[in-house]
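Asker: Basically the working numbering = 1-based index in the sequence shown + 5. C-beta atoms are modelled at their ideal positions from N, C-alpha and C, and glycine is treated no differently.
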Amino acid sequence: MSTFTRYFFNVITASGAVNDVEGAEFASLEEARAEAVLDARELMSTAILAGRDVSGRSIEICNEAGETLLVLPFREAISTTE
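#1: Using only CA atoms, which one of GLU36, GLY28, ALA55 lies nearest to VAL16?
#2: Quick check: the Cα distance between GLU87 and ALA41, rounded to an integer number of angstroms?
#3: Over the uninterrupted alpha helix (DSSP H) stretch that includes SER63, give me the two end residues.
#4: Report the three-state DSSP secondary structure of PHE31 (helix, strand or coil).
#5: Can you tell me where the beta strand (DSSP E) holding ILE83 begins and where it ends?
#6: Could you check whether PHE9 and ALA37 sit closer than 8 Å to each other, using their CB atoms as the reference points?
The following block contains the structure:
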């Protein structure tokens, strides 16, 4: 049986942070990172359609204790391979 951990995805901007108060459960930090990549891509696509540059933002993945486990810059969510 797998053990799931609750991770929180805070969006970090130049003016501060938008904190995730609900979080989501994943079997591993790697799975949480994969979800953060999808979230970053969705946020970027919405921003691009609105004419905003959000390439300097990042998603901070935290555990239930509020400890930062990983920071994913939005630019890392863009595949550079063809």
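Answerer: Answer, in terms of the structure:
#1: Among GLU36, GLY28, ALA55, the Cα nearest to that of VAL16 is on GLY28.
#2: In this prediction, GLU87 scores a pLDDT of 49, lower than 50, which makes its location untrustworthy; the coordinate-derived value is nonetheless stated afterwards. Computed Cα separation, rounded: 21 Å.
#3: It is not in any alpha helix (DSSP H) - SER63 instead sits in the beta strand (DSSP E) that spans 63-67.
#4: If DSSP states are grouped into helix, strand and coil, PHE31 belongs with the strands.
#5: Premise fails: ILE83 is in no beta strand (DSSP E) and is neither H nor E.
#6: PHE9 sits away from ALA37, with the two beta carbons spaced by 8 Å or more.
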